[in-house]
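Visitor: In numbering that gives the first Met the number 0, the protein residues as written are 0 to 63. Quick reminder that beta carbons are idealized off the backbone N, C-alpha and C, glycines included.
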Amino acid sequence: MNKALTCRETTYLVISARDEPLGQAQQQALAAHLQTCAYCRTANAQFTTLFAQLDALLARGVQP
Ligand SMILES: [Zn+2]
């Protein structure tokens with residue numbers, strides 16, 4: 000059963016998906032919210048960029 004996510008819940012899912020894969024229902028709810036919410040689309044894109052940069056740094060073994 001799907002319920003609409005709040006922006007706060009959406010951001011939490013985007014971040015927690017880094018650590019453990021989302022369930023199918025969570026993925027669908029997240030995708031549905033991103034389709035309708037420009038704020039969360041922007042936030043999601045920024046998190047994706049940030050995490051990619053973090054991964055690149057960690058892969059090179061650079062200390063913060
Ligand atoms: Zn939102």
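Can you look up ALA3 in the DSSP assignment and give me helix, strand or coil?
Guide: Reading the sequence shown from its first residue, position 4 is the one you call residue 3. It is coil, neither helix nor strand.
Visitor: Counting C-beta neighbours from all protein chains within 10 Å, is the total for ARG6 16 or more, i.e. buried, or is it exposed?
Guide: For the purposes of this step, residue 6 is taken as the residue at position 7 of the sequence shown. In the sequence as displayed, the identity of residue 6 is Cys instead of Arg. Classification of CYS6: exposed, given that the 10 Å Cβ count is below 16.
Visitor: Is it buried or exposed, MET0, if we count other Cβ atoms within 10 angstroms and call 16 or more buried?
Guide: Stepping through the sequence shown from its first residue, residue 0 is reached at position 1. Low per-residue confidence applies at MET0: pLDDT is 44, beneath 50, and the placement is therefore not dependable enough to give any value.
Visitor: By DSSP, does GLU19 sit in helix, in strand, or in coil?
Guide: Along the sequence shown, read from residue 1 onward, the residue named residue 19 stands at position 20. In this structure, GLU19 counts as coil in the three-state DSSP scheme.
Visitor: How should THR48 be labelled, buried or exposed, when 16 other C-beta atoms within 10 angstroms of its C-beta is the threshold for buried?
Guide: Taking the first residue of the sequence shown as 1, we reach residue 48 at position 49. Exposed, since its Cβ has fewer than 16 Cβ neighbours within 10 Å.
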